[in-house]
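Trainee:
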Amino acid sequence: MEKRVKPINLLDSAILRPERLAVIDAVKEVMTLAHVSKAITLHDYGCWRHQQWRNEENALVPFLSVDWYVANAWDQSRMQVNGEILLTLLEEEPWRRPELLGEHYDILILDEDLYTTQPDWPDDFIVAIARADVGTAISTHRLGTHPFTILKTVVMHQLAHVFGVPQHDRNDLDHRWGAHCTHDCVMRYPEKTPEDWEALTMDRFRQGPFCEGCLRDLRQFFAAEKDSTAAE
Ligand SMILES: [Zn+2]
Ligand SMILES: [Zn+2]
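Position in the sequence shown (first residue = 1) + 15 = the working numbering.
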């Protein structure tokens, strides 16, 4: 089984992000609910730039700055970032090699607007995109006037997707844009931005972030690794 308990690395396209604490708060809350807050370390790299992030011609050096990842997924004709390309760069980065950072999850927050070419998804923009076991890219571009609380909801939703929530074999799901929950839960399908994210945030305040089913899925994701190691 693929390793599931591994570090979470936070990256940001902005040098200064006032909502940063909301992002960290979201990650910590998901880890606590998943019972892995002691097992998983969170590394905040911020707007990471290696000492040699630009070469002698002042061009961005591959994989040596957050700026490079975003620039490589940038579509100049749309003035947006391609979410799949960004996640693929993160998935294939050399940092995942065991002798470097090793396996980890990435959460990349960016100011730039995101889009996706996945069929059946909206073709104008998306707020975020997640890839199971790899990470998520989240754009603040469309989140409106209450970015702290809403961004926290988005981060919790996306990180739970990275951890396979909701598990696709459940019979109480909404299958638009991947699998979403149908209960009062941050894993519901957010059709309109930012209105639906605001509604999910109100639900989160009223009843807590995850419904019973999603909380079970979240804990099961990490429990499955423990079970399989115990069985070996
Ligand atoms: Zn979703
Ligand atoms: Zn749910």
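Here a beta-carbon is modelled for each residue, glycine too, at the ideal position from N, C-alpha and C.
Sort out for me which residues DSSP pairs Arg-64 with in a bridge.
Mentor: Here residue 64 refers to the residue found at position 49 of the sequence shown. Per DSSP, Ser-80.
Trainee: Check whether the Cβ atoms of Ile-141 and Thr-131 sit closer than 7 Å, and answer yes or no.
Mentor: Here residue 141 is taken as the residue at index 126 of the sequence shown, counted from 1. Here residue 131 is taken as the residue at index 116 of the sequence shown, counted from 1. For Ile-141 and Thr-131, yes; Cβs fall inside 7 Å.
Trainee: Looking at C-beta atoms only, is the number of pairs between the region 179-186 and the region 23-32 that lie closer than 8 Å three or more?
Mentor: Result no; under three Cβ-Cβ pairs closer than 8 Å.
Trainee: Check whether the Cβ atoms of Val-96 and Leu-129 sit closer than 7 Å, and answer yes or no.
Mentor: Walking along the sequence shown from the start, residue 96 turns up at place 81. Walking along the sequence shown from the start, residue 129 turns up at place 114. Result yes, Cβ atoms of Val-96 and Leu-129 sit closer than 7 Å.
Trainee: Since I believe Val-42 is in contact with Val-169 (beta carbons under 8 Å), could you give me their beta-carbon distance rounded to a whole number of angstroms?
Mentor: As a position in the sequence shown, residue 169 is number 154, starting the count at 1. As a position in the sequence shown, residue 42 is number 27, starting the count at 1. Contact flag wrong, Cβ pair sits at about 12 Å.
Trainee: Contact check, Val-20 vs Val-45 under 8 Å by CB: the rounded distance?
Mentor: Within the sequence shown, numbered from 1, the residue matching residue 20 stands at position 5. Within the sequence shown, numbered from 1, the residue matching residue 45 stands at position 30. Val-20 to Val-45, Cβ: 14 Å. No contact.
Trainee: State yes or no: is the C-beta of Ala-37 within less than 7 Å of the C-beta of Phe-163?
Mentor: As a working note, residue 37 is residue 22 in the sequence shown. As a working note, residue 163 is residue 148 in the sequence shown. Yes; because the gap between Cβ atoms is below 7 Å, this pair is in contact.
Trainee: Once you ignore the five residues that flank Ile-100 on each side, which residues in its own chain have a CB closer than 8 Å to its CB?
Mentor: Your numbering for residue 100 matches position 85 in the sequence shown. Hits under 8 Å: Asn-87, Ala-88.
Trainee: Curious, which full-length beta strand (DSSP E) runs of at least 3 residues does the region 91-126 contain?
Mentor: List check, beta strand (DSSP E) in window: 95-97, 120-125.
Trainee: Buried or exposed: Leu-26, going by 16 or more other Cβ atoms within 10 Å of its Cβ?
Mentor: Locating residue 26 in the sequence shown gives position 11, counting from the first residue. Buried, by the Cβ-count rule.
Trainee: Residue range of the alpha helix (DSSP H) that Ala-37 falls in?
Mentor: Numbered from 1 along the sequence shown, position 22 holds the residue referred to as residue 37. First-last of the alpha helix (DSSP H) with Ala-37: 35-48.
Trainee: So, Asp-121 versus Gly-98, is the Cβ gap smaller than 7 Å?
Mentor: Locating residue 121 in the sequence shown gives position 106, where the first residue counts as 1. Locating residue 98 in the sequence shown gives position 83, where the first residue counts as 1. It is not a contact, given that the beta carbons lie outside the stated cut-off.
Trainee: Contact between the region 226-245 and the region 198-211 is defined here as three or more beta-carbon pairs at a separation below 8 Å; is this criterion met?
Mentor: Yes: the two stretches touch, three or more of their Cβ pairs being nearer than 8 Å.
Trainee: Check the Cβ-Cβ distances between His-65 and every residue of chain B, and say whether any is below 7 Å.
Mentor: Reference to chain B is not applicable here, since this structure consists of a single protein chain.
Trainee: Tell me whether Glu-213 is buried or exposed, calling it buried when 16 or more other Cβ atoms sit within 10 Å of its Cβ.
Mentor: On the sequence shown, position 198 is the one that residue 213 refers to. Glu-213 is buried by the Cβ-count criterion.
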